[in-house]
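Numbering (the numbering used here), first residue to last: 22 to 386.
A virtual CB, placed ideally from N, CA and C, is assigned to each residue, including glycine.
Note that the coordinates shown come from a computational prediction; the quantities given were computed from them, not determined experimentally.
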Ligand code: ATP
């Protein structure tokens, strides 16, 4: 069991707060993503879990034991730095065996362990080669192997694929995910790339400005964003936001957009004031009929689908529709939205107005 529990963790550097009271649980065996824009505090969070920074307040638990103030060497966590950090003058075998030899393991046990890990990573045939001459992919595998041989309770990875070109990055991310599925070791992975987080993660924490905005599965975060920040950060193009001033009276489940009643999910009932109507581009339909209308201002062909940009009475809106559908610039079309996919936000706080947010989501506070 290598569950990691973060409880009200805060980190200050002098008078700057890098992480504000953060709480979430990483379950045993999960591939867990820390996602957010540059400077939001994700690396600091990862470093606190590994013990490379100590929290100013709050608690970190690993495997049922509080480790908040322990040095890294007593945490049994492997930190995979930039994957190219290898000993260049040693061969692959030496790079893999070094962490074990320095722990005092005997030669036969070291040989068995290196053989096992080399088998997992598919690098048995290059054990005698110097790392200097290896391909990028093999170097990454050796660097991973260096972390795996120690049999840690959990792996910490900070943008491990960040320096790679797009094609190789995709290949390595698939390989990493497959490796995780074989080993089932708890892995915490920092990225600013929402697509990478969605593709690889079992769970995602979305951070912004030192605060945890939401945590949940990729689907929960995509379908039920807890804030406008999350709705905007996840998805491409991101969620559309139409601002309006109105109410969702008790007993009704629609809002008034320019005189047109738009259905919203039942759990939004009772909301009032300055709100934002949030709809993802793929949940917008275009038709000749329909009283809520928008003018086509641009079209972008993407193969099977196209992105239509429209000007509506409540602001700009993007729709993802089949590329066969004809939409001409300057034309006015009716817009339809599926009520179940709508998220309403409070304009001032930016938080979603909903009573069905999962328990991983922080309250509006
Ligand atoms: P990036 O992807 O750019 O690394 P991040 O989300 O990982 O972003 P952090 O590295 O956690 O962000 O940094 C969060 C904030 O804390 C940044 O503004 C950074 O400048 C600041 N910070 C991090 N480490 C220190 C430090 N040792 N002393 C002072 N400020 C720091």
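Please go through the same chain and pick out, in chain order, the residues whose beta-carbon is closer than 6 Å to the beta-carbon of residue i, but skip the five residues on each side of it.
{"i": "residue 26", "result": "46, 82"}
{"i": "residue 173", "result": "97, 98, 99"}
{"i": "residue 354", "result": "307"}
{"i": "residue 382", "result": "Residue confidence is low: residue 382 scores 42 on pLDDT, short of 50, so the model does not pin down where it sits. No coordinate-derived value is stated."}
{"i": "residue 175", "result": "23, 98, 207"}
{"i": "residue 333", "result": "315"}
{"i": "residue 295", "result": "266, 368"}
{"i": "residue 319", "result": "330"}
{"i": "residue 259", "result": "253"}
Taking only three categories from DSSP, how would you classify residue i?
{"i": "residue 251", "result": "helix"}
{"i": "residue 131", "result": "helix"}
{"i": "residue 112", "result": "strand"}
{"i": "residue 210", "result": "strand"}
{"i": "residue 332", "result": "strand"}
{"i": "residue 88", "result": "coil"}
{"i": "residue 387", "result": "Because the chain in this structure spans residues 22 to 386, residue 387 falls outside the shown range and cannot be described."}
{"i": "residue 364", "result": "strand"}
{"i": "residue 350", "result": "coil"}
{"i": "residue 23", "result": "coil"}
{"i": "residue 204", "result": "helix"}
{"i": "residue 64", "result": "helix"}
{"i": "residue 124", "result": "coil"}
{"i": "residue 355", "result": "strand"}
{"i": "residue 266", "result": "strand"}
{"i": "residue 80", "result": "strand"}
{"i": "residue 119", "result": "helix"}
{"i": "residue 73", "result": "coil"}
{"i": "residue 185", "result": "coil"}
{"i": "residue 227", "result": "strand"}
{"i": "residue 386", "result": "Bear in mind that the predicted position of residue 386 carries a pLDDT of just 31, short of 50, making it too unreliable to give a figure here."}
{"i": "residue 260", "result": "coil"}
{"i": "residue 337", "result": "strand"}
{"i": "residue 147", "result": "helix"}
{"i": "residue 234", "result": "strand"}
{"i": "residue 305", "result": "strand"}
{"i": "residue 173", "result": "coil"}
{"i": "residue 374", "result": "coil"}
With 16 as the cutoff for other CB atoms within 10 Å, does residue i come out buried or exposed?
{"i": "residue 36", "result": "exposed"}
{"i": "residue 201", "result": "buried"}
{"i": "residue 298", "result": "buried"}
{"i": "residue 271", "result": "exposed"}
{"i": "residue 372", "result": "buried"}
{"i": "residue 186", "result": "exposed"}
{"i": "residue 210", "result": "buried"}
{"i": "residue 179", "result": "buried"}
{"i": "residue 216", "result": "exposed"}
{"i": "residue 34", "result": "exposed"}
{"i": "residue 162", "result": "buried"}
{"i": "residue 59", "result": "exposed"}
{"i": "residue 109", "result": "exposed"}
{"i": "residue 324", "result": "exposed"}
{"i": "residue 268", "result": "exposed"}
{"i": "residue 125", "result": "exposed"}
Apart from the five residues just before and just after residue i, which ones in its own chain have a Cβ nearer than 8 Å to its Cβ?
{"i": "residue 148", "result": "112, 113, 114, 117, 135, 139"}
{"i": "residue 361", "result": "286"}
{"i": "residue 375", "result": "245, 286, 288, 289, 364, 365"}
{"i": "residue 51", "result": "207, 208, 223, 224"}
{"i": "residue 309", "result": "354, 355"}
{"i": "residue 165", "result": "101, 104, 142, 197, 200"}
Among residues of its own chain, excluding the 5 on either side of residue i, which ones have a beta-carbon nearer than 7 Å to its beta-carbon?
{"i": "residue 234", "result": "227, 228, 247, 248, 250, 251"}
{"i": "residue 326", "result": "341, 342, 343, 344"}
{"i": "residue 159", "result": "144, 147"}
{"i": "residue 68", "result": "74"}
{"i": "residue 122", "result": "131"}
{"i": "residue 93", "result": "71, 72, 73"}
{"i": "residue 349", "result": "317"}
{"i": "residue 120", "result": "167, 170, 171"}
{"i": "residue 232", "result": "41"}
Looking at residue i and the ligand FAD, is the gap between the Cβ and the nearest heavy atom below 8 Å?
{"i": "residue 153", "result": "The ligand FAD is not part of this structure, which contains only the ligand ATP."}
Taking Cβ positions only, does residue i come closer than 9 Å to chain B?
{"i": "residue 156", "result": "The structure shown contains no chain B; it holds only a single protein chain."}
Below 8 Å, how does it come out for the region 331-351 and the region 249-267: are there three or more Cβ pairs, yes or no? yes
Given 8 Å as the limit, is there contact between the region 84-94 and the region 278-289, that is, 3 or more CB pairs closer than that? no
Please list, following the chain, all residues that have a C-beta closer than 5 Å to any non-hydrogen atom of the ligand ATP. 34, 39, 59, 60, 61, 62, 63, 64, 65
How about the region 153-165 and the region 63-79: do they share at least three Cβ pairs that are nearer than 8 Å? no
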